[in-house]
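S.K.:
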Amino acid sequence: MGSEAIIVFLIAGIVLVAGANFLSNLISHKSDNPQKREPYESGMTTIGPTWVQFKVGYYLFAILFLIFDVEVAFLIPWAVVFKDFGAIAFIEVLIFLVILGLGLMYAWKKGALKWE
Numbered sequence: 164m165g166s167e168a169i170i171v172f173l174i175a176g177i178v179l180v181a182g183a184n185f186l187s188n189l190i191s192h193k194s195d196n197p198q199k200r201e202p203y204e205s206g207m208t209t210i211g212p213t214w215v216q217f218k219v220g221y222y223l224f225a226i227l228f229l230i231f232d233v234e235v236a237f238l239i240p241w242a243v244v245f246k247d248f249g250a251i252a253f254i255e256v257l258i259f260l261v262i263l264g265l266g267l268m269y270a271w272k273k274g275a276l277k278w279e
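Under my numbering, the very last position in the sequence shown is 279; numbers go up by exactly one each time.
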């Protein structure tokens, strides 16, 4: 029973995504002019190269922000029901925070937090 349900959900997901893409291509307005191929649709020609490469450090900083933002999203519900779970939940959250702290120390050591 379980494997059939997974197959049905998988097929339904594929059909829904393919159907949505087909329908959007079918009913969307299509405009083809030279300005659409410009990097920016302002109508002005760009000055200098349009391909700008960003440092990897910016992406690493953003990923670290997301990791610790998700940490807060996990800790707030835990803090609300802390009294109901007792010492076991406290130890589990301490382990969670230690793992995240080790990740932060690793990122700090590698220089991912330097904004240069």
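Think of the CB as a built atom: it goes at the ideal place given N, C-alpha and C, for glycine as much as any other residue.
If you're wondering where the values come from, they're calculated on a predicted model, not measured in any experiment.
Out of curiosity, what's the CA-to-CA distance linking Leu229 and Ala270?
M.R.: The straight-line gap from Cα to Cα measures roughly 14 Å.
S.K.: Tell me which same chain residues have a C-beta within less than 8 Å of the C-beta of Ala275, skipping the five on either side of it?
M.R.: Hits under 8 Å: Gly220, Leu223, Phe224 and Leu227.
S.K.: Whether or not the region 237 to 247 and the region 173 to 181 are in contact is what I'm after, with contact meaning three or more pairs of Cβ atoms, one per stretch, closer than 8 Å; do they touch?
M.R.: Cβ pair count under 8 Å is below three, so no.
S.K.: What is the residue span of the alpha helix (DSSP H) that Ala275 lies within?
M.R.: Note, Ala275: premise wrong, no alpha helix (DSSP H); not H, not E.
S.K.: Return the residue from the list Val233, Phe231 and Val256 that minimises the CA-CA distance to Trp241.
M.R.: Comparing Cα positions, the closest option is Val256.
S.K.: Let me know the secondary structure DSSP gives Gly220 once reduced to three states.
M.R.: Here Gly220 sits in helix by DSSP.
S.K.: Identify whether Asn196 lies in helix, strand or coil by the three-state DSSP scheme.
M.R.: Residue state, collapsed to three classes: coil.
S.K.: Indicate the three-state DSSP secondary structure (helix, strand or coil) for Val261 in the structure shown.
M.R.: Looking at Val261 - three-state DSSP - the assignment turns out to be helix.
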